[in-house]
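Undergrad: Have a look at the structure that comes next, please.
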Amino acid sequence: MVTLAEVAQRAGVSPSTVSYVLSGKRSISEPTRRRVERAISDLGYHPNAGARALAGKRSHIIALVVPLRTDVYVPIMMEIAIAVTMTARSYGYDVLLVTNDEGPDGVRRVAASGLADGVILMDVELDDERIPVLRELGSHAALIGLPADTTGLSCVDHDFATAGALCADHLADLGHRDVAFVGYAPQVYLRHAGYAERTLTGFRERARERGLRILHRPCEGTFESTAGVLGRILDDRPATTGFVVQNEGALGPLLSLLRTSGRIVPEDASVVALCPEQLAEQSSPRLTAVTGPAQDLGRRAVELVLGRIDGGSTPEVTLLTPVLTPRESSGPAPLAAAPSPRLPAPPSPADVENSHAQPLP
């Protein structure tokens, strides 16, 4: 096992200097800190966690509160969690996973016990009940997502309002005038998930500026519920030629249902998705999509919470710029939108009822 003395010898410093770099108890010059960190990395040194916590009054653990819901896209959440874990390890921190079903009590348990030096919250709601606990305890925290009030908080998120606006601009530039927004399940909007509401707000505002007629329909993401939503859209607005989809589960069913209803993508109907790039590339046709790297959210969140732990970071909000990549699923609006034939397989009454949830104001 590599010892602290061996790290000191490799870095050309005293053992106490290595200890100060690890504990943060004294200010060390940047060149010296880099030499010590390089020696730690080269030798694979892992200080004893118990001794390290006692000496530095730190646990060198970050608590990551992850969503445990059926209405989130699990691959993205896992990608963010992996990025948090790998980035934390590069700074000598371990990650403790806490599920969000524990709510404010779980956050209080971890933050008040000293078990973790800092907390990262995922799946942030506009009026998130966990945030008052963090403020009350003065916890070192970073949020992946934006609440309605970001005062005193360090947050990172994709710029979902801009993402929604990009979708509206793309379809408007292609000449579409009747556009439907197929969103997440109704419960996502009922709990005011920031990513869903901000995207919809950005889309609506830009659509109004561009003179688009729009519909918003929440969707459970199953084939049956997507069929119900599409049937309702075509009944309410037969001339719809553009679809914006912020629901990964609904993308495959929607493309299939458009084909069976006699609409060819993109000649008769254009589809723009808000989804991971890999999903957009794997679809048939390849999807025009607005994307943003999930790994960057995890990396930046770790940097923000470590900045708070080290006392050198002021509250800040970082929005990552989304990118729209045109692919095969979007094209110029057809000259005349003909009413569509009825869908061949109507959904069950229960699914239709679920999919008819009214859009939020």
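Counting in full-length UniProt numbering, the sequence shown runs from 1 upward without gaps.
Every residue, glycine too, gets a C-beta built ideally from N, C-alpha and C.
None of the values given here were measured: they were computed from a predicted structure.
Fully enclosed by the stretch 275-348, which beta strand (DSSP E) runs are 3 residues long or longer?
TA: Listed in chain order, they are 288-291, 317-320 and 323-325.
Undergrad: Could you pull out every residue in the same chain whose Cβ sits closer than 8 angstroms to the Cβ of A165, ignoring the five residues on either side in sequence?
TA: Once the five neighbours on either side are set aside, the close Cβ partners of A165 are G202, F203, E205 and R206.
Undergrad: For the alpha helix (DSSP H) holding L212, just list the boundary residues, first then last.
TA: First-last for L212: undefined, no H or E at that position.
Undergrad: Is the beta carbon of Y189 closer than 8 angstroms to that of G145?
TA: No, these two residues do not count as a Cβ contact at 8 angstroms.
Undergrad: In the DSSP output, what is D178 paired with across the bridge?
TA: D178 pairs with R213.
Undergrad: Straight-line CA distance for P266 to V179?
TA: Approximately 14 angstroms between the Cα atoms of the pair.
Undergrad: Whose CA, out of T318, Q278 and P285, lies closest to the CA of D296?
TA: It is T318 whose Cα lies nearest to the Cα of D296.
Undergrad: Please report the distance separating the alpha-carbon of P322 from that of P293.
TA: In a straight line, the C-alpha of P322 is about 9 angstroms away from that of P293.
Undergrad: Quick check on G242: does DSSP put it in helix, strand or coil?
TA: DSSP places G242 in strand when its eight states are reduced to three.
Undergrad: Quick check on I264: buried or exposed, where buried means 16 or more other Cβ atoms within 10 Å of its Cβ?
TA: When all chains shown are included, I264 counts as exposed.
Undergrad: Going by DSSP in three states, D101 sits in which element: helix, strand or coil?
TA: Correct three-state label for D101: helix.
Undergrad: Would you kindly work out how many angstroms separate the C-alpha atoms of E136 and A111, rounded to a whole number?
TA: Computed Cα separation, rounded: 10 angstroms.
Undergrad: Below 8 angstroms on the Cβ atoms is my guess for residue 421 versus S313; work out the distance and round it to an integer in Å.
TA: The structure shown does not extend to residue 421, since the chain is modelled only from 1 to 361, so the question has no answer here.
Undergrad: Check whether the stretch 211-218 and the stretch 89-97 are in contact - that is, three or more C-beta pairs closer than 8 angstroms.
TA: Counting Cβ pairs under 8 angstroms, fewer than three are found: no touch.
Undergrad: Taking three-plus beta-carbon pairs below 8 angstroms as touching, is the stretch 159-178 in contact with the stretch 217-225?
TA: Short answer: they don't touch.
Undergrad: Counting only runs of 3+ residues fully inside the stretch 139-186, write out the beta strand (DSSP E) ranges in chain order.
TA: Segments of the beta strand (DSSP E) lying fully in the stretch 139-186: 141-144, 155-158 and 178-182.
Undergrad: With DSSP collapsed to three states, give me the class of E197.
TA: Correct three-state label for E197: helix.
Undergrad: CB-CB under 6 angstroms to P326, same chain, minus the five flanking residues each way: which ones, in chain order?
TA: Correct list, in chain order: T288.
Undergrad: Would you identify the three-state DSSP class for L22, choosing helix, strand or coil?
TA: Helix.
Undergrad: Between A39 and A81, which are expected to be in contact by the criterion C-beta below 8 angstroms, what is the C-beta distance as a whole number of angstroms?
TA: Not confirmed; about 30 angstroms, so no contact.
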